[in-house]
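Trainee:
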Amino acid sequence: MRILTVMTLLSVGVGTCVAADGPADVVYTGGDILTMAGPDPAYVESLAVKDGKILFAGAAEGVKNLTGPVTRTVDLGGKTLLPGFIDTHGHFIYFGKNLVDANLFGCTDVADLIARMKAQVDRTPAGSWIVGFGYQARQMREGRPPTAEELAAVSADRPVMVVDSSGHLGSANAAAFAAAGITADTPNPEGGAFARQADGKSLAGPMEETALNAVRSKRPPFTGELADKVATGAAALWASYGQTTAMEAGLGLGNDDIGIVLNAIDKQLLPIDLYVAAKDSALDDTLAAAYSVASQYDPRAGGTMEKLRAARPDLDGRYVNRVRLGGVKFWLDGSLDTAWFTEPYTTNPPGRSGAFSGYRQIPDEVLDGVFDKYWPTELQIHMHMNGDAAADQALAAIAKAVKKHGMRDHRPVFVHASWLRPDQIEKVKACGAVPSFLPSGIVPGGDSVVKLWGPVRSAGAMASRSMLRAGIPFTFSHDAPVSPTPSILGLVDAGVNRTSGSGQVIGPDERITPYQALRAVTATAAYQLKEESTKGTLEPGKLADLVILERNPLKVEPATIKDIPVVETIKEGTTVFHRGADAQGPAGGSR
Ligand SMILES: [Zn+2]
Numbered sequence: 001m002r003i004l005t006v007m008t009l010l011s012v013g014v015g016t017c018v019a020a021d022g023p024a025d026v027v028y029t030g031g032d033i034l035t036m037a038g039p040d041p042a043y044v045e046s047l048a049v050k051d052g053k054i055l056f057a058g059a060a061e062g063v064k065n066l067t068g069p070v071t072r073t074v075d076l077g078g079k080t081l082l083p084g085f086i087d088t089h090g091h092f093i094y095f096g097k098n099l100v101d102a103n104l105f106g107c108t109d110v111a112d113l114i115a116r117m118k119a120q121v122d123r124t125p126a127g128s129w130i131v132g133f134g135y136q137a138r139q140m141r142e143g144r145p146p147t148a149e150e151l152a153a154v155s156a157d158r159p160v161m162v163v164d165s166s167g168h169l170g171s172a173n174a175a176a177f178a179a180a181g182i183t184a185d186t187p188n189p190e191g192g193a194f195a196r197q198a199d200g201k202s203l204a205g206p207m208e209e210t211a212l213n214a215v216r217s218k219r220p221p222f223t224g225e226l227a228d229k230v231a232t233g234a235a236a237l238w239a240s241y242g243q244t245t246a247m248e249a250g251l252g253l254g255n256d257d258i259g260i261v262l263n264a265i266d267k268q269l270l271p272i273d274l275y276v277a278a279k280d281s282a283l284d285d286t287l288a289a290a291y292s293v294a295s296q297y298d299p300r301a302g303g304t305m306e307k308l309r310a311a312r313p314d315l316d317g318r319y320v321n322r323v324r325l326g327g328v329k330f331w332l333d334g335s336l337d338t339a340w341f342t343e344p345y346t347t348n349p350p351g352r353s354g355a356f357s358g359y360r361q362i363p364d365e366v367l368d369g370v371f372d373k374y375w376p377t378e379l380q381i382h383m384h385m386n387g388d389a390a391a392d393q394a395l396a397a398i399a400k401a402v403k404k405h406g407m408r409d410h411r412p413v414f415v416h417a418s419w420l421r422p423d424q425i426e427k428v429k430a431c432g433a434v435p436s437f438l439p440s441g442i443v444p445g446g447d448s449v450v451k452l453w454g455p456v457r458s459a460g461a462m463a464s465r466s467m468l469r470a471g472i473p474f475t476f477s478h479d480a481p482v483s484p485t486p487s488i489l490g491l492v493d494a495g496v497n498r499t500s501g502s503g504q505v506i507g508p509d510e511r512i513t514p515y516q517a518l519r520a521v522t523a524t525a526a527y528q529l530k531e532e533s534t535k536g537t538l539e540p541g542k543l544a545d546l547v548i549l550e551r552n553p554l555k556v557e558p559a560t561i562k563d564i565p566v567v568e569t570i571k572e573g574t575t576v577f578h579r580g581a582d583a584q585g586p587a588g589g590s591r
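For the record, in the sequence shown the residue sitting at position 457 is 457 according to the working numbering, with numbers rising by one throughout.
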């Protein structure tokens, strides 16, 4: 019951937005202005912005009576203007923390990793853990994660923890296990494992999935200035890749996540929107926090929210100081080498024997209960799934919820949906689910996917063209920091080219056009977030969330899309990123 109350509160104020009259604050002209509305590319000659919203998009003639003495005209000089990019599955807060941690991307061997971790010791305040992120055991000379003993060389008495680029695997020293209260006698949690020494008397260091979470969650919190840095650092990075809406798709992975977001709300730190999906186990705490925020920013007559909206009537009432709780996130299986399949792996991942087909993370009853509870609410259910068995589990849970509560416009998110069997596609469509594909599984990871999954599953992975044919909306997501940068054009490039690290095209039949790939990060991305009435296309009345690119992705050599520089990112009329030039003032808007 309380959940429904919270959702009602959070939904208050989603009003209609009426485009204001001129004169415009800014008029853009002189370049390709790609609206992203409709299934085929459509350009307009000019775009007018007023009070953070799009006033006009159309022929140059039409903008003439919207200009006045205050209107600034921006000549794009041949550059390309698009709707701001939308993150449909990223880990904004988690990444923000990593910006503070040691960067372990591209580690070549254990010695390299240990050297980088040692450099982190002096940069880590007393009382904090020494943490690094981003290595890939497969790509290190030893082909394995570091041991507890090796990590003790970084520090024997301070907790040391490393997490790999998938975020699902890690390793810790004895001090970290002690701080987390984990001993050799601690049983493995469901859906995870601690590696143990052969004699069983001590922990070896490596840990997987829920076992990693058990240690990671005991890390001391980021507070104060450190918490500010997490939010502002991530926002600056996201904006530099053209994003005007970010996502934290697992709030509560760290026990300080909620505090970091509340801190960002209180101090109004975020220049771009942040959609939050709470991690399953942190949902009650997140709802309680959302309730307190909603009460504090009271939407009723005379309340804070009403005053905010009086000043900025265009604000999406669901956002409070750029943050809104939109969903809850569940993990149904593992990463590309622990995905839960109905058929075994073609080649077993390292360390697996027999007919290995990955593993589930939660029992059916739990997922069924989640849908029973939240299907009737406005809280979207996001499910991490890589294998087809995980998709079966999701589809079965949805079918039960539909039977009990009826069909709703819920738009459950199939996060990654890396391998859907052809017979699952119609079911995905029927329940209104939105797959959010992770192209980094193919670029650059495709070669190992081909080996592990075999030719059929790898060719059909991230089945974009199949989705188009079936009429299923789909999006592309970077899952940063699983992708080392939150690059959106990298996703577009990957969806168009599907070229692996070694240069082979993985599943050529699933390649799509640059325009279709751009739709997956603009118009359809807005749809996934249920924000298509305010975002995703350049149409009058929508928010002036814009990105200016050096070149038009539809007119370059497709293999170079990822290299197109982002020139400027504009959130509701205000410049939030400008490449190389801090001298240039805001692009307009009333704030
Ligand atoms: Zn993720």
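Every residue gets a Cβ at the ideal spot worked out from N, C-alpha and C, and that includes glycine.
#1: Determine whether the beta carbon atoms of F56 and D101 lie at a separation below 8 Å.
#2: Could I get the ranges of all uninterrupted beta strand (DSSP E) runs contained in the segment 137-210, with 3 residues as the minimum, in chain order?
#3: Return the first residue and the last residue of the beta strand (DSSP E) that W331 is part of.
#4: Put K404 into one of helix, strand or coil per three-state DSSP.
#5: Please tell me whether G387 and G369 are closer than 8 Å, where the distance is taken between their beta carbons.
#6: Counting only the same chain and skipping the five closest in sequence on each side, list residues whose C-beta sits under 6 Å from that of A278.
#7: Report back the beta-carbon spacing between V162 and S171 to the nearest angstrom; my notes put them in contact at under 8 Å.
#8: If we ignore side chains and look at the alpha-carbon of each, how far apart do E209 and Q393 end up?
#9: Buried or exposed for R216, please, with buried defined as at least 16 other CB atoms from any protein chain shown within 10 angstroms of its CB.
#10: Can you have a look at P350 and say buried or exposed, based on whether 16 or more other CB atoms are within 10 angstroms of its CB?
#11: Would you check if the distance between the CB atom of V443 and the CB atom of T513 is smaller than 8 Å?
#12: Tell me whether R579 is buried or exposed, calling it buried when 16 or more other Cβ atoms sit within 10 Å of its Cβ.
#13: Verify whether the separation of the beta carbon atoms of D87 and A246 is less than 8 Å.
#14: Determine the closest residue to F167 out of A463, N213, D364 and R158, with distance taken between C-alpha atoms.
#15: What separation, rounded to the nearest whole angstrom, lies between the Cα atoms of L113 and Q120?
#16: DSSP three-state label for G15, please.
#17: Cβ of Q243 within 8 Å of Cβ of P486?
#18: If you count every other CB in all the chains shown that lies within 10 Å of the CB of N65, and 16 or more means buried, which is it?
#19: Skipping 5 residues on each side, what residues in its chain have a beta carbon closer than 7 Å to that of G495?
#20: Apart from the five residues just before and just after E248, which ones in its own chain have a Cβ nearer than 8 Å to its Cβ?
#21: For T29 versus T73, is the C-beta distance shorter than 8 Å?
#22: Tell me, which residues are paired with S46 by DSSP?
#23: When the Cα of G254 is compared with those of A235, L270, K218 and A231, which residue comes out closest?
#24: For I86, write down the residues that DSSP places opposite it in a beta bridge.
#25: May I have the straight-line CA-CA distance separating R123 from W129, to the nearest angstrom?
#26: For K79 and G205, what's the separation of their Cα atoms in angstroms?
Mentor: So, from the data block:
#1: No, these two residues do not count as a Cβ contact at 8 Å.
#2: 160-164, 169-172, 192-196 and 203-208
#3: From DSSP, the beta strand (DSSP E) with W331 extends over V323 to W331.
#4: helix
#5: no
#6: L251, G252, T286 and V328
#7: Going by Cβ atoms, the distance from V162 to S171 rounds to 5 Å, so yes, they are a contact pair.
#8: Rounded to the nearest angstrom, the two C-alpha atoms are 19 Å apart.
#9: buried
#10: exposed
#11: no
#12: exposed
#13: For D87 and A246, yes; Cβs fall inside 8 Å.
#14: What sits at residue 167 in the sequence shown is Gly, not Phe. Residue N213 is the option with its Cα nearest to G167.
#15: 11 Å
#16: Below a pLDDT of 50, predicted positions are generally treated as unreliable, and G15, at 30, falls in that range; the measurement from the model is reported next regardless. In this structure, G15 counts as coil in the three-state DSSP scheme.
#17: yes
#18: Looking at its Cβ environment, which holds fewer than 16 other Cβ atoms inside 10 Å, N65 is exposed.
#19: P439, S464, F476, I512, A517 and A520
#20: G90, H91, F92, I93, Y94, D257, V261, L274, Y275, V276 and A277
#21: yes
#22: T29 and G58
#23: When A235, L270, K218 and A231 are compared, the shortest CA-CA separation from G254 is found for K218.
#24: T245.
#25: 11 Å
#26: 51 Å
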